[in-house]
């Protein structure tokens, strides 16, 4: 009898990608993926440890699932992701009803672990790091219902920023072989994928040793750009410290690289950046933006900001606000600082009140929201190249939707034959929140 599996995913795009990969692996083994936990034989929680109280969130969810297991003791519960990697056996010690704990780099072993679970041997754990076996090309979907796909190129991170738990939960950097990445993208292009988003905690740290030559992220981008059916290339996330001049120059050589870049800065204060161990100064960051815009004047930037980092003064925060206005970021991911046990920043004293942190975050987000609206307003009446991604039923109106090169979602009338194609769209309406309306030319 085919078993039904429910997967709940929290966290970053890497986690979303891991869950997609996990679905493909399980489907190959004849498991059925369902959207309702109450009809499932197997419950999988793919966790994230970036934010505060991540562990408690996991146990609250497991508590809800325990009620299902109390009704049916044959249900198997598996916990994966970064909290699983960080906490390991401690999860089982607090929730003895779970059956499997697996890490971000051992998810490919889950079918085997599921087969091992019996009444006599109800618990297994495998959270080893330093493995790329989950990227086996046999797990790639052969049929696509979309035209944009994420492709993971590197796992882990070597930067050890003082606030970040990722190097401890996903391990140090390990790059996939370029031949595997290129083959995966070629296969995806044959299934209808037209835009590739390269994925990693730090994509521009990608490196591969080939005989006497070092093959880096720029070389990989150049090779991907030669795949005919791929029309666009994006990547997330890049580290300013690793952004080389060679990579900057590619924006002149590769038109397929879009006019949008997510480049996390975290703070506008050199003092705070030093405490964060980011490895660059604000002057270097601004110069990097300037060098890219010199080649691509139409480039739009987004960033990450941590508000209320231990020791952040009003002056430090105002420097962040000045940077935001100076660069004119289009969008951002901004959060209150969240202490993560085991990181260097967790040992720092935090004197700032929660009320003051929230006030600062509100101010920052309000400025970004206004800048984002101004970016969209400048697009009104312009003609944009849009990659058509699918059919939308937003506001109960059947329309097509796609993205501009600068990552703006556009809705417009047209038939489904345009899906997967680049079309010219005139922007005729803007919305204060996010989306644009266009007219097919």
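Numbering (this note's numbering), first residue to last: 1395 to 1835.
Ideal Cβ placement from N, Cα and C applies to all residues, glycine included.
Can you tell me whether residue 1480 is buried or exposed? The criterion is at least 16 other CB atoms within 10 Å of its CB, across all chains shown.
Within the chain shown, the letter at position 86 stands for residue 1480. When all chains shown are included, residue 1480 counts as buried.
Do you know offhand how far residue 1609's Cα is from residue 1486's?
Counting from 1 along the chain shown, the entry for residue 1609 is found at position 215. Counting from 1 along the chain shown, the entry for residue 1486 is found at position 92. Taking the straight line joining both Cα atoms gives about 42 Å.
Contained alpha helix (DSSP H) runs [length at least 4] in the region 1468-1499, N- to C-terminal order:
Counting only runs of 4 or more, we get 1475-1481 and 1483-1488.
Pull up the CB-CB distance for residue 1758 and residue 1694, whole angstroms please, since I reckon it's below 8 Å.
The sequence position of residue 1758 within the chain shown is 364, counting from 1. The sequence position of residue 1694 within the chain shown is 300, counting from 1. In fact, because the Cβ distance is near 18 Å, the residues do not count as touching under 8 Å.
State the DSSP-derived secondary structure class of residue 1628, mapped to helix, strand or coil.
The residue given as residue 1628 occupies position 234 in the chain shown. The answer is strand: DSSP assigns residue 1628 an E or B state.
Have a look at 1783, 1540 and 1450 and flag the residue whose alpha-carbon is nearest the alpha-carbon of residue 1793.
Locating residue 1793 in the chain shown gives position 399, where the first residue counts as 1. In terms of CA proximity to residue 1793, 1783 leads the group 1783, 1540 and 1450.
Per-residue burial, residue 1464 [other beta carbons within 10 Å of its own, 16 or more giving buried]
Locating residue 1464 in the chain shown gives position 70, counting from the first residue. Counting Cβ neighbours within 10 Å, residue 1464 comes out exposed, since fewer than 16 surround it.
Do the region 1744-1759 and the region 1701-1710 make contact, defined as three or more Cβ pairs closer than 8 Å?
Enough Cβ pairs lie closer than 8 Å, so yes.
Could you round the C-beta distance between residue 1473 and residue 1495 to whole angstroms and report it? I think they count as a contact, below 8 Å.
Position 79 of the chain shown, counting from 1, holds the residue named residue 1473. Position 101 of the chain shown, counting from 1, holds the residue named residue 1495. So it is a contact: roughly 5 Å between Cβ atoms.
According to DSSP, is residue 1585 helix, strand or coil?
Here residue 1585 refers to the residue found at position 191 when the chain shown is read from its first residue. The answer is coil: DSSP assigns residue 1585 none of H, G, I, E or B.
Looking at residue 1659 and residue 1407, is the spacing between their C-beta atoms short of 8 Å?
Translated into the one-based positions of the chain shown, residue 1407 becomes position 13. Translated into the one-based positions of the chain shown, residue 1659 becomes position 265. Residue 1659 is positioned such that its CB atom lies no closer than 8 Å to that of residue 1407.
Among 1509, 1502, 1505 and 1497, which has the Cα closest to the Cα of residue 1519?
Translated into the one-based positions of the chain shown, residue 1519 becomes position 125. With respect to the C-alpha of residue 1519, the residue from 1509, 1502, 1505 and 1497 having the closest C-alpha is 1497.
Here's a check: name, in chain order, each residue in its chain whose Cβ is nearer than 6 Å to the Cβ of residue 1456, leaving out the five neighbours to either side.
Within the chain shown, residue 1456 is the residue found at index 62, counting from 1. Only 1489 meet the Cβ criterion.
Please name the residue in 1646, 1717 and 1731 whose C-alpha comes closest to that of residue 1558.
Residue numbering aside, residue 1558 sits at position 164 when the chain shown is read from its first letter. Comparing Cα-Cα distances from residue 1558 to each of 1646, 1717 and 1731, the minimum goes to 1731.
Run through the DSSP bridge pairs and tell me what residue 1656 is partnered with.
Counting from 1 along the chain shown, the entry for residue 1656 is found at position 262. Paired residue(s): 1696.
Quick one: grab the DSSP three-state call for residue 1806.
Here residue 1806 corresponds to residue number 412 of the chain shown, with the count starting at 1. If DSSP states are grouped into helix, strand and coil, residue 1806 belongs with the strands.
Residue 1543 and residue 1590 closer than 8 Å at C-beta:
Within the chain shown, numbered from 1, the residue matching residue 1543 stands at position 149. Within the chain shown, numbered from 1, the residue matching residue 1590 stands at position 196. The Cβ atoms of residue 1543 and residue 1590 lie closer than 8 Å to each other.
Looking at residue 1596: is its Cβ nearer than 8 Å to the Cβ of residue 1640?
For the purposes of this step, residue 1596 is taken as the residue at position 202 of the chain shown. For the purposes of this step, residue 1640 is taken as the residue at position 246 of the chain shown. Cβ atoms of residue 1596 and residue 1640: not closer than 8 Å.
Going along the chain, which unbroken runs of the beta strand (DSSP E) with 3 or more residues stay wholly within the region 1701-1732?
Those beta strand (DSSP E) runs which fall completely within the region 1701-1732 and span 3+ residues are 1725-1730.
Contact belief for residue 1662 with residue 1716 at Cβ below 8 Å, rounded distance in angstroms
Along the chain shown, one-based indexing puts residue 1662 at 268. Along the chain shown, one-based indexing puts residue 1716 at 322. Yes, they are in contact, since the Cβ atoms of residue 1662 and residue 1716 sit about 6 Å apart, within 8 Å.
Beta strand (DSSP E) segment containing residue 1784, residue limits:
Translated into the one-based positions of the chain shown, residue 1784 becomes position 390. Looking at the DSSP string, the run of the beta strand (DSSP E) that includes residue 1784 is 1777-1786.
Can you tell me whether residue 1438 is helix, strand or coil according to DSSP?
On the chain shown, residue 1438 is found 44 positions in, with the first residue counted as 1. Residue 1438: strand per DSSP, three-state reduction.
Quick check on residue 1741: does DSSP put it in helix, strand or coil?
Here residue 1741 is taken as the residue at index 347 of the chain shown, counted from 1. Residue 1741: helix per DSSP, three-state reduction.
Around the Cβ of residue 1710, are there at least 16 other Cβ atoms within 10 angstroms (buried) or fewer (exposed)?
Position 316 of the chain shown, counting from 1, holds the residue named residue 1710. It counts as buried.
Measure the C-alpha to C-alpha separation of residue 1435 and residue 1399 and round it to an integer number of angstroms.
Locating residue 1435 in the chain shown gives position 41, where the first residue counts as 1. Locating residue 1399 in the chain shown gives position 5, where the first residue counts as 1. A direct Cα-to-Cα measurement between residue 1435 and residue 1399 gives close to 6 Å.
Look up residue 1816 in the DSSP assignment and say whether it is helix, strand or coil.
Translated into positions along the chain shown, residue 1816 becomes position 422. Here DSSP, grouped into helix, strand and coil, assigns residue 1816 to strand.
With 16 other Cβ atoms within 10 Å as the buried cut-off, status of residue 1809
Residue mapping note: residue 1809 aligns to position 415 of the chain shown, counting from 1. Counting of Cβ neighbours within 10 angstroms places residue 1809 among the exposed residues, the total staying below 16.
Are the Cβ atoms of residue 1390 and residue 1818 separated by less than 8 Å?
Residue 1390 lies beyond the range of the chain shown here (1395 to 1835); nothing can be said about it.
Does the beta-carbon distance from residue 1671 to residue 1555 come in below 8 Å?
In the chain shown, counting from the first residue as 1, residue 1671 sits at position 277. In the chain shown, counting from the first residue as 1, residue 1555 sits at position 161. Yes.
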